[in-house]
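Each residue of the sequence shown is one higher than the one before, counting from 25 in this note's numbering. Just so it is clear, CB atoms sit at the ideal spot from N, CA and C, and this is done for glycine as well. Structure first, commentary second.
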Amino acid sequence: RASPRLANIESVRAGLPIAEARAEVLEALNDARVVVLCGTTGSGKTTQVPQFLLDDAIEHLRADFSVVVTQPRRISAMSVAERIAAERGETVGQS
């Protein structure tokens, strides 16, 4: 059973604009080597798309799967990793 904190995070994630495009994003990424996603700031591109990929890999039992997110600055990349891990109820590097 999910904690109230994680349930709240799930609710927020489901309300992000990118959540409605999950299937379309995964299909595009399966069909092409490169995909450019455009969306407004705060739409969930940076934090949700890596989770879409990770969840899809888990669902399809892909054990040799990694997600790499780049950012212009090291501190930004670390913040993104920490945010994604927190949303999953994990610590960085645990998934």
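State buried or exposed for residue 42, treating a residue as buried only when at least 16 other CB atoms are found within 10 Å of its CB. Around the C-beta of residue 42, 16 or more other C-beta atoms lie within 10 Å, and the residue is accordingly described as buried.
In angstroms with no decimal places, state the Cα-to-Cα distance between residue 50 and residue 78. Their Cα atoms are separated by approximately 11 Å.
Just the C-alpha distance for residue 35 and residue 64, rounded to the nearest angstrom, thanks. Going from the Cα of residue 35 to the Cα of residue 64 covers about 20 Å.
May I have the straight-line CA-CA distance separating residue 70 from residue 92, to the nearest angstrom? Rounded to whole angstroms, residue 70 to residue 92 spans 11 Å at the Cα level.
Alpha helix (DSSP H) segment containing residue 42, residue limits: Note, residue 42: premise wrong, no alpha helix (DSSP H); not H, not E.
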